[in-house]
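With this note's numbering applied, the sequence shown closes on residue 289, and no number is skipped along the way.
All C-beta atoms in this analysis are idealised placements derived from N, C-alpha and C, irrespective of residue type, glycine included.
Being a predicted model, the structure only gives us computed values, none of them experimental.
Worksheet: one structure, shown below.
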Amino acid sequence: MVIVFQGDSITDGGRFFEPDGIGKGYVYEVIEFLKKHYTNVTAYNRGTAKNRSADLVARWKGDAIDLKPDILTLMIGINDVWRHFDQGLTTTAEEFENNCREILEKTKTIESKVILFEPYIFYEGAVDISWQEEFEQKRKIIRKLAKEYADVFIPTHDVFQQMSKIFGWKMMVLDGVHPTALGVNILASLLIEAIENIMAEKRHE
């Protein structure tokens, strides 16, 4: 079983600073769980900090298709919003949808099971409420594509918003986006559940 984790800095988790290339984010927690409960699992973290959807298109063959994953997880979208507001690099709704659709179409050719996270945000810290319209636009696109391409969809934003009613946003994210230890644990738990469901389906095929 080959699992590839794709996305931006949230998935990256500092992997370039770790000798195993896994990082210390939610991917690390998921892989530690898989090591304890499954055999013959090969995992690759290919999340890359600062990536937008266009960056994934550029590296999708080498960092996804060529690895031939049985399961591929993807979280992307927040930098397509963020880079607009801090660097003036705009990704239109059409461009974002086309980029995401292109990589998901390519993934169909290897018959990988796809787990798709929606992006999440809190309008706190480094994030401003002026981001809301564009963020919701991107989130809506991911939800639309999930219906077409994903085997499992994880409604991350909704989960984080609900959990913040218990813990408060500062316990979950550092700057409005990047997760704290608790945020990492929540993401890992959501993804473990999704992977377990796919594994269970495979056992019954």
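Exercise for review: Rounded to whole angstroms, what's the CA-CA distance from Asp104 to Asn182? Just pull it up for me.
Suggested key: As a first step, residue 104 must be located in the sequence shown, where it is residue number 20. As a first step, residue 182 must be located in the sequence shown, where it is residue number 98. Each residue's Cα considered, the two are about 33 Å apart.
Point to revise | Cβ-based neighbour list, Gly109, same chain, cut-off 6 Å, excluding 5 preceding and 5 following | key: Locating residue 109 in the sequence shown gives position 25, where the first residue counts as 1. So the list reads Gly97 and Val268, once near-sequence residues are dropped.
**Study point:** Cβ contact (3+ pairs, closer than 8 Å) linking the segment 113-121 and the segment 183-203
**Key:** Contact between the segment 113-121 and the segment 183-203 is absent, with fewer than three C-beta pairs closer than 8 Å.
**Study point:** Three-state secondary structure (DSSP) of Gly146
**Key:** Taking the first residue of the sequence shown as 1, we reach residue 146 at position 62. Three-state DSSP puts Gly146 in a helix.
Review point. Alpha carbon to alpha carbon, how far is Gln246 from Lys192?
Key: Mapped onto the sequence shown, residue 246 falls at position 162. Mapped onto the sequence shown, residue 192 falls at position 108. For Gln246 and Lys192, the distance between alpha carbons rounds to 33 Å.
Practice item. Determine which residues share a DSSP beta bridge with Val141 and list them. Key: Counting from 1 along the sequence shown, the entry for residue 141 is found at position 57. DSSP, once it has assigned bridges, lists no residue as partnering Val141.
Review point. Hey, Ser93 and Ala142 are a contact pair by Cβ (cut 8 Å); roughly how many whole angstroms apart?
Key: Taking the first residue of the sequence shown as 1, we reach residue 93 at position 9. Taking the first residue of the sequence shown as 1, we reach residue 142 at position 58. Contact between Ser93 and Ala142 does not hold, since the beta-carbon distance rounds to 17 Å and is not under 8 Å.
Practice item. Report yes if the C-beta distance between Ile106 and Pro153 is below 8 Å; otherwise report no. Key: By 1-based counting over the sequence shown, the position of residue 106 is 22. By 1-based counting over the sequence shown, the position of residue 153 is 69. Not closer than 8 Å, so no.
**Study point:** Residue burial classification, Arg287 (beta-carbon count within 10 angstroms, cutoff 16)
**Key:** Residue 287 sits at position 203 when you count from the first residue of the sequence shown. Arg287 should be labelled exposed.
Exercise for review: May I have the straight-line CA-CA distance separating Leu158 from Thr123, to the nearest angstrom?
Suggested key: Indexing the sequence shown from 1 puts residue 158 at position 74. Indexing the sequence shown from 1 puts residue 123 at position 39. In a straight line, the C-alpha of Leu158 is about 23 Å away from that of Thr123.
Practice item. Flag this pair as yes or no: are the beta carbons of Phe219 and Ile199 separated by less than 8 Å? Key: What you label residue 219 is simply residue 135 of the sequence shown in a count that begins at 1. What you label residue 199 is simply residue 115 of the sequence shown in a count that begins at 1. No. Outside cutoff.
Practice item. Return the first residue and the last residue of the alpha helix (DSSP H) that Asn269 is part of. Key: As a position in the sequence shown, residue 269 is number 185, starting the count at 1. Element bounds for Asn269: Ala265 to Arg287.
Exercise for review: Report yes if the C-beta distance between Asn129 and Phe180 is below 8 Å; otherwise report no.
Suggested key: As a position in the sequence shown, residue 129 is number 45, starting the count at 1. As a position in the sequence shown, residue 180 is number 96, starting the count at 1. No, Cβ-Cβ distance for Asn129 and Phe180 is not below 8 Å.
Practice item. Reducing DSSP to helix, strand and coil, say where Ala230 ends up. Key: Position 146 of the sequence shown holds residue 230. Reduced to three states, the DSSP call for Ala230 is helix.
Point to revise | Contact belief for Asp164 with Lys222 at Cβ below 8 Å, rounded distance in angstroms | key: Taking the sequence shown and counting its residues from 1, one reaches residue 164 at position 80. Taking the sequence shown and counting its residues from 1, one reaches residue 222 at position 138. Between Lys222 and Asp164 the Cβ distance is about 6 Å, and since that is below 8 Å, they are a contact.
Check your understanding: With respect to the beta strand (DSSP E) encompassing Val236, which residues constitute its N-terminal and C-terminal limits?
Key -> Reading the sequence shown from its first residue, position 152 is the one you call residue 236. Looking at the DSSP string, the run of the beta strand (DSSP E) that includes Val236 is Val236 to Ile238.
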